[in-house]
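Engineer:
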Amino acid sequence: MQHQIGKILFFIFLITAFSCFADETTENIIKGKVTDNKTGEPLIDATITISNGIKTYTTKTGLDGSFRFKKIIPGVYKEKVQFIGYDDIELSVVLKKDGIVNNTITLSLHSNQLHEVTITSKLNKESDNYARKTERIASNVINIISAKAIEISPDITVGNVLQRAPGVSVVKNSNGDGNYAIIRGMADRYNYTTINGIKIPSPDDMTRSIPMDIFPSDLLERLEVVKSLTPSMEGDAIGGVTNMVLKDAPKHLTYTFNGSLGYNNFLADHPFTTFNYTGVPFKTPYEIHGSGYVPKPSDFNIKYLDYKTVALPVNQSFNASIGNKITKKLGFIAAISYQHLFKGSSSLFYPPGGQPQPIPAPNTPVFAPIEYRVYSNLQNRLGTHLKLNYEFNKNNSISFYTAFFQLDQAQHRYREMGLSNYAHQSGQDYINNRSIFERQIVWNNTLQGKHQVTDKLSVDWSLVYSQAQSKIPIWIDELYSDIVTYNAGKLTSERKNLQDFPFNFTHSKETDNSAYVNGHYQLANGLMFSTGGMYRHKTKNNVFESYQLYANNQVFQTVDSAYFSRLKRVDTTDGLTYQSVEDILAYYAQLKWEYNKWEVLGGFRVENTNHTYSSELSIYLPGKTGKYVYTDFLPSINIKYKLANNNALRASYFSGISRPNYFEYIPVIKPGDFFDQQGNPDIKRIQSHNADLRYEHYFGFEDYFMIGSFYKYLINPIEFGLVQITTGQFVYQPQNFGNATNYGLELTFTKHFRNFGINGNYSYTKSSITTTKTVFAQDNSGNYIKYNTMQTRPLQGQSDHIANLSLLYKSIKRGIEAELSWVYTGKRIAYISPYKDLDYWQRATSQLDFSLDVKASRRITLFMKVTNLTNNPTILELRNTAKGYYFNNVNYPGQTSSNSIIVQHDNFNQSFFVGFRFK
Amino acid sequence: MKQNKIKNLIFNLSGLPLLLVATSVLFSCNKNTSTVTSAYVQVGQTVQPGNISGSIKGTMQANQTYYVTGDVIINSGDSLIIQPGVKVYFKGAYNFWIKGNLFSLGNATSPVYFTVENQAKQDVPGTPVASDPAFQGTWGGLWTDSSCKNLVLKWTAIQFAGAPISAAQPPIVGASTGDSYDIFFQNTNGNFILEDSWIYGATDDAIRLKSGKFSVMRNTFEKCGPTGGDCFNVKGGGVGDCAYNLFIGCNTNGPKASDIGQPGSVQTNCNFYNNTVVNSGFRCVELGRGGSINYEQQARGLAYNNLIVNCRYGLRIIGATQSYLGNALVVADTSNIKYGNTFNYSDSIAGVNQFYPVTPDTSNMMRTGAGVPVSGLWTRPQANDIPNIMSMISANYYPGAPYANAAINALVGQNNPLFVKFPLPEAATPSSIAYASGYDFHLQSNSPAIGKGYTAFRAIASVPVGGDFGANITQPGSDIGAYQSNGSGNMH
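Which chain is which? The protein sequence lines are A and B, in order. Under numbering that gives the first Met the number 0, think of the first position of the first sequence as 0, with each following residue one higher. Under numbering that gives the first Met the number 0, think of the first position of the second sequence as 0, with each following residue one higher.
Dropping the structure here:
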C-alpha cells in the first residue's frame, strides 16, 4: 500500500515538474485574461480584437480565459472584448518596444439575460457555468454535470460519472464500475435513460434498464439528471431521467484528441487471464443449423476455455473529435471514443443456501459452500457520434445525429466452491472456470427539425430509429470436482473429475421506432402554450439456449483432452425466449407562464400503452401469450418563485408510472430446489405521485447552495415475493405490493476560494415498502412450519445517506487543476431474499479518487486519474442476529464483524490513468 | 395595456385547470384491459390399444399393448386406469404428463410394463455407465402436475426411463426443460403409491417427490443414476412410508428425505424401515454424500430395521449445519428422528469405518462446552444395531468421530446376513453388481438378521389404504431387511 502511495506521489511530481516548461516569454506581447466581474471566473472563448487603426488582430481566450498576441508592432491599440451574454468592453492599451502588456479584463453579465434560455445556450455548453445556469433557469428539478467537470473527474464511463450527481448512487458490476443508477433511492426500474432527450432502448434480456457502463464519458457535452417531469417528457420515470447530451456541432473548427494509458493495481499480484474469442459466431446452434437440428458435443468450442496470461495488461483510452461549421448552413461534429481495459477483481462469497433453517432461531441463515472468485475482465468500449446541423435559414433547421456504442467484454471468472484450496485444507472443492463473451450495442439515429413558423409559433419534430442488443455467444461454465489432501499446508494429492457443464447462448434485441412532434405557441408575453405527442413502436426479441455437455465424471486433466460422448441436457427456452411488442401513443398539453417573480410550468400528459408478449410456454399452461392495454393520465406542475435575483423557491408535482419489465409478465416457471420462480401475467404497472420542494441560492457565478426535499407515493410497486398460486403450489414471483412511500432531503453546494474549490452534495432518503416474506420456524409442538408474513423494509438499492465531496485546486498561472473526490454511499439492500430477515445488505462504502490536469502548452494538457485510492472493498452482509449457526466451522475467512455475517467481499484495488489531451 | 395583459393571463390560466378537469373526466373512465391466453385443453380421448399420444383417458385393457408415439396427457379431472398385463412401449423420448389420475394396477402374475420394446438389459458386472442402457434414458418419465391427485403404480415395471424434457417447455408446472426423472410428483395434498414395482435405470433421481403423500413399499430399485441422483428423493412436504424395498447399485442413496422447498405447514416426515440397500453410493461424485439412507435439511422420521450391505456410507443423518470437506451439510430435524436396529455389512475396511459416517477433520469445528466437536454427521451407533459398534469404541466417541480400531477393522466380512443367493463376500469392493436379477435377497433361515427387527412403531400411512386404488401397507417387520422369514415384505 505504501509503495502505491509512493508511486502516486512520483507521478504527481513528474507531471508538476513537466508543467514548469510550459511558461515561456517572448517580446512584443499583448496578453491577459478575461474574467467575470463578479466571480473572477475565466471566460472561455471570448473574442478579443486589437487594432492600431492600420492592422487588426483577433484571437479567442483559452480554457483558462487567457489570450495572447505575439510579435505585435508596438503602438497604441484599441482592445475590444466580446463575449456572448456579457456586455462588450473596449479599452486602450499601449505596447512599448520589446514590452509586454498584461491585463486582466473583467466583463459583466447582461443583467436581463439570466432569464432567457436562448441566450445561455450560446455559452460554452460544456462548461460548469452553463451547467449551473441551465439548472438555475430550468423549470423543473434538474442536476447537471458538465463536460468540463467530467473531464477533470476521475471517471471514464458514464456509469461512474453518475454517482457524482446529488441523490444518485450506482450499482456496481463485478469490475467495480457503476452499472445502474439509483436515483433518490429508486432502483433502475423507476428511471429511464435518454440521449439528447430521446429515450434509448435496453440491451438487457429481462429489464428495461440500460447498463450505463456502456457509455464512455468523453462523448458527453453534459449529463443531466432530471428529477421532476414536465408534461412534454415521457412519464415512465418515478425516480428520474438520466439524459446524456452528446457534444454539439461547434460554430467554428474544433478538434480535440486525447489518449491515455493505465493500469489496474489488482493485476500486480493476480495474473490477468483471458481467452481468444476472435471469430466467434454470433449465432446459437439452432440459428446456425435450424431448429430441427440435434446438436452434437463437437458443435461446442471448448477452445474458449483455454486461458492465457496477458503479460502487460496496460489499459488504453483514446478519444478524438472534430467539428466545424463547413458552410454558413452546415455544421457537424464527429467524435470517437475507444477504451481497451483490463479489469481485475476478487470476491469472497457466501452463497445463500436457499432455504434457511428453523432452529435455533426462525430463519437461521444457511449457506452453500463458500466461494472464492477471481475475475479477469477485458473490455473494449467503443463510442462514436456524428451530428450534422443544417440551417435552411434563421427560422428553419434540421439536424441528424447518430450515436453508436459498443461494449465487448470477455470475462474469465475462476470460482472455487469449498475453499479447500484457498485455505490449504484437505477436502473437496468444485472449481468453475467461466468464459463469457458479451457484446452490447446501443445505436440511436435521430432526425430532428426545428421551425419558427411565425413569431409566436414554433414546431419541432424528431424521427428516431434506435436499437439495443446484447449478444452472448460464449457463456461456458467448466466445472470439475477437485479432491485435495493437504498435509501441513502442503498439497500431497489431488484428484480432479470433470462434471457436466453448460454452454449458454443469449441474444436480446430491442428496436425502437419513434416519432415526436412538439408545437409551442406564445399566447402572450410570458405565456407559452405547448402541445405535442409521440408514438413509439418497440419490439423486444429474446433468445436463450443452453446445452450441457455430458462429462461422466471423467478424470480431468485439461479440457482439450476431455471427451464428451453426448449432451446431457438441452434447454432452449428457460422462459428467456420471448417476444414483446409495445406501442405507446402519448400526447400532452402544457402552459408556461412567467410573471413577475413567478414561473409556472404545468399541464398534463396522456400515455396509451399497448403491450403484447408471446412466450415459449407450453400451450397446456395458461399465459403463453398476453396483451395489455392501458392509459395513464399524468398531470404535472412546476412552480418557481424568485425570492430575489439570486435565490428562488421551487415546488413541483408530477405523476409518473413505471411499466413492468417485459420478463415479469411471462408466466414461464423456472423450477428451483428451494422455490420456483414465475412471471406474473396479472402484474400491473406502478403509478406514483411525486412532490418536490427546493430552495436555491446563488453566490456569484459558480457558487451556489440548494436544499430540497421530495416525497413519493407509489401505488402498486412491483416486488418479488413467495406466493401461493394453487393449493400447495408456491412460486416466487413479481407482485404488486400495495403502496409504498419514499421521501428525502437533498443538499448541494459549491464554494470557490481563489485557487481552491469545494463542492459537495448530501442526500437523505427514506423509503418503506411492505411485502410478503416466508418464515421457517418451529411450532409449539416442535414441528417445523413455513408461513408467510409481512415485512417492511426500504426499497431495494435505497441508501439512507449519500454524499459527494470534491476538493478542487485550480491554478491558471501554473496550469494545474486537481480534484480529490470522495463518494459515500450508505448501506442499502443489495439482494432481496424471499425469507424474512435474510436480505443481503451492502455496507456503506466510501471511495476516494484523485485526478490531476497539467497544462503543458496552450492546447496540450497532461492528465492523471487515480480511482479507489484507499482500495475500498464492497462488502455485503446479512444483518441477522441469528449469526453463528452455520459457523460451527470456525476460522471462516472474511468474518470480521461481530453483529453481522459478511457474505460478500469484493476487492478491486486502485486504477491509474496517465495521458494527454489536445484541444 | 398592462391590465389587459394580466386579464389575458388570468383568462389563459383559468383555462388550464378547466383543461385538466376536462381531461381527468375524459380519462377517469378509460378502460384498461388485459388478455392472457388460457391453457389449451384437448378433450381426452378414450384410450384404444395400438398407438397412443395426446390427451387420453379411460382404461387400458388387460394384456393389451400400447405404443407411445408422442407425449401423452391425462387432463385434470380425467383418469387413466391400466389393467394387469398391459404393456406400454415407448417409441421415443416421450413422456406421460399427468394432470389428472393414473392408476396402473398390475398384479404378481401380470405386471404392467412401461418400457422399450425388445430393449435387453445388460446385467453383467462391470458394464460401463456410458453404454449401459439403464442409464441412457430411452424414454422420458411419468410427470405429474400440481393438479394430479393420484399416481398409483402397483406391480408395474418402469424401465429405461429418464430422458430429459426436451426442446419445448413442459406442459406442467414445477419442472423445466432438461429435467430427467422416471417419476415426478409434486402435489402436497396428492397421493403417490408405488407398490411391488420395479424401477430399472434412471439418469438422475429415479423418483423426485417434490412434495406429496406417499407409500413406497416392496419395490425393487436397480441401477438408478449414472453419476448423480437418488432412488427416492423426497423434498419439502413429503410425508409417508418407504419400506420393504430393495435398492441395489444406486448412484447415491436409496431413500433420501429433506424439507427443502414448498412453503407450507407440512414438514417432510418419512419413515424408512425394513429396506435392503446393497452396493450403493459409489458412483456419487461428492464426498461424504450418498450410500444408503439419508436424512437432511429439516426432515424428520423413523429409520429402523434397514439392512445395509457394501454401501459407501451407512445411515446418514445430518446433525449440524456445516461444511464437510467443502460440501454443505444442513441439519435434519434431529429431535424428531429415531433410528436403530440397523444391520451393517461390509467387505472393506473403508466401508466398516463408514457404517456411521465420520468427519475426517474436526479441527475447524465448533465445540460444545465440554470441548467435544459438534459434527454435522450425527448418526450414533445404537446398542441394537448389528454389529454392536457401540460396545467396541472408546468412551471419547462422539457422533461423526472416526472410530476405527483393530477390533472394528476386523469386522470386514463379518456378520454375513446370509442372503439366499448373493455372493458375500463380494469379489471386489466397490462391487459392480448393480442389479437384482439372478440373485435372491431373502434371508436364509439362520441369518443373523432374523428376529432382530423393532416393531413397536407404526407406518405413517398418509395415503388412503385398501382396495384397488389404496395402499397396501406392511407394518414394521421383525426381521431386518425387506424380506421377512414369515413370507411378508418384498414379494419379488
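Positions of the beta carbon are idealized from the N, C-alpha and C atoms, including for glycine. Owing to the predicted nature of the structure, the values given are computational and were not obtained by experimental measurement.
Mind checking whether the beta-carbon of B:Pro83 lies closer than 7 Å to any heavy atom of the ligand MG?
Structural biologist: As far as ligands go, the structure on display features none, and thus does not contain the ligand MG.
Engineer: In terms of residues, what are the limits of the beta strand (DSSP E) holding A:Asn512?
Structural biologist: Looking at the DSSP string, the run of the beta strand (DSSP E) that includes A:Asn512 is 500-523.
Engineer: Taking the alpha carbon of A:Phe775 as the reference point, which residue from A:Asp212, A:Asn787, A:Leu819 has its own alpha carbon closest?
Structural biologist: A:Asn787
Engineer: Contact check, A:Val225 vs A:Asn139 under 8 Å by CB: the rounded distance?
Structural biologist: Right, their Cβ atoms sit about 7 Å apart.
Engineer: Can you check whether the C-beta of A:Gln578 is within less than 8 Å of a C-beta belonging to chain B?
Structural biologist: No, no contact with chain B.
Engineer: Considering just the uninterrupted stretch of the alpha helix (DSSP H) at A:Ser708, what are its terminal residues?
Structural biologist: Under the DSSP assignment, A:Ser708 falls outside any alpha helix (DSSP H), being part of the beta strand (DSSP E) whose first and last residues are 702-714.
Engineer: Following the continuous beta strand (DSSP E) through B:Phe213, name the residue where it begins and the one where it ends.
Structural biologist: 211-216
Engineer: Assuming contact is defined by CB atoms lying nearer than 8 Å, are B:Ser291 and B:Asn340 in contact in what I supplied?
Structural biologist: Taking 8 Å as the Cβ cut-off, B:Ser291 and B:Asn340 do not qualify as a contacting pair.
Engineer: Rounded to a whole number of angstroms, what is the C-alpha to C-alpha distance between A:Pro284 and A:Gln547?
Structural biologist: 13 Å
Engineer: Below 8 Å between beta carbons: does that hold for A:Gln677 and A:Pro666?
Structural biologist: yes
Engineer: Nearest-angstrom Cα distance between B:Tyr503 and B:Ala156?
Structural biologist: The structure shown does not extend to residue 503 of chain B, since chain B is modelled only from 0 through 491, so no value can be given for it.
Engineer: Using 8 Å as the threshold, is the C-beta distance between A:Ser336 and A:Gly382 below it?
Structural biologist: yes
Engineer: Taking only beta-carbon positions, decide if A:Thr784 is within less than 8 Å of chain B.
Structural biologist: It is worth fixing the name first, because residue 784 of chain A is Ile in this sequence and not Thr. Yes, because at least one Cβ of chain B sits closer than 8 Å to the Cβ of A:Ile784.
Engineer: Which class does A:Met205 belong to by DSSP, given the choice of helix, strand or coil?
Structural biologist: coil
Engineer: Mind checking whether B:Tyr39 and A:Tyr262 have CB atoms under 8 Å apart?
Structural biologist: no
Engineer: Which stretch, first to last residue, makes up the alpha helix (DSSP H) that contains A:His288?
Structural biologist: 284-288
Engineer: Report the CB separation of A:Leu266 from A:Gly343 in whole angstroms; it is logged as a contact under 8 Å.
Structural biologist: A:Leu266 to A:Gly343, Cβ: 5 Å. Contact.
Engineer: Which one of B:Lys212, B:Gly228, B:Val215, B:Gly211 has the shortest CA to CA distance from B:Tyr180?
Structural biologist: B:Gly228
Engineer: Reducing DSSP to helix, strand and coil, say where A:Pro733 ends up.
Structural biologist: strand
Engineer: Pairs of beta-carbons, one from the stretch 639-654 of chain A and one from the stretch 130-144 of chain B, closer than 8 Å: are there three or more?
Structural biologist: no
Engineer: Indicate whether the contact test is met: 3 or more Cβ pairs, each with one atom in the stretch 562-573 of chain A and one in the stretch 170-185 of chain B, closer than 8 Å.
Structural biologist: yes
Engineer: With distances taken Cα to Cα, identify the nearest neighbour of A:Leu398 among A:Leu462, A:Leu746, A:Val853, A:Asp407.
Structural biologist: The residue you asked about is not Leu; residue 398 of chain A is Ser in the sequence shown. That would be A:Leu462, whose Cα lies nearest to the Cα of A:Ser398.
Engineer: Show which residues of chain B have a CB atom less than 7 Å away from the CB atom of A:Ile99.
Structural biologist: By Cβ distance, chain B contributes nothing, its closest Cβ being about 55 Å from A:Ile99, past 7 Å.
Engineer: Just how far apart, CA to CA, sit B:Val371 and B:Cys310?
Structural biologist: Between B:Val371 and B:Cys310, the C-alpha separation is close to 28 Å.
Engineer: Rounding to the nearest angstrom, what Cα-Cα distance links A:Glu477 and A:Ile237 in this structure?
Structural biologist: 42 Å
Engineer: Can you pull the chain B residues whose beta carbon is under 7 Å from the beta carbon of A:Arg568, in chain order?
Structural biologist: Those within 7 Å of A:Arg568 in chain B are Pro163, Gly177.
Engineer: Could you give the distance in angstroms between the alpha-carbon of B:Val123 and the alpha-carbon of A:Asp407?
Structural biologist: 53 Å
Engineer: Interface residues of chain A around B:Glu285 at Cβ under 8 Å?
Structural biologist: Gln427, Ser480
Engineer: As an exercise, report each continuous alpha helix (DSSP H) stretch of at least 4 residues that is fully enclosed by the stretch 327-396 of chain B, in chain order.
Structural biologist: 348-351
Engineer: For B:Tyr39, which residues in chain D fall below 7 Å Cβ to Cβ?
Structural biologist: This model lacks chain D altogether; the protein chains it does include are A and B.
Engineer: Please report the residue range of the beta strand (DSSP E) in which A:Arg753 lies.
Structural biologist: Per DSSP, A:Arg753 belongs to no beta strand (DSSP E) and is neither H nor E.
Engineer: Apart from the five residues on each side of it in sequence, which residues of its chain come closer than 6 Å, Cβ to Cβ, to A:Gln578?
Structural biologist: Asn540, Ser613
Engineer: Expressed to the nearest angstrom, what Euclidean distance is found between the alpha-carbon atoms of A:Phe674 and B:Leu150?
Structural biologist: 23 Å
Engineer: Which ranges would you report for the beta strand (DSSP E) in the stretch 595-675 of chain A if only whole runs of at least 3 residues count?
Structural biologist: 597-614, 624-643, 646-657
Engineer: Let me check understanding here. Comparing Cα to Cα, which of A:Glu816, A:Ser798, A:Asn486 lies closest to A:Ile757?
Structural biologist: A:Glu816
Engineer: My assumption, with CB atoms under 8 Å, is that B:Val330 sits in contact with B:Gly313. Please give the rounded CB distance.
Structural biologist: In fact, because the Cβ distance is near 19 Å, the residues do not count as touching under 8 Å.
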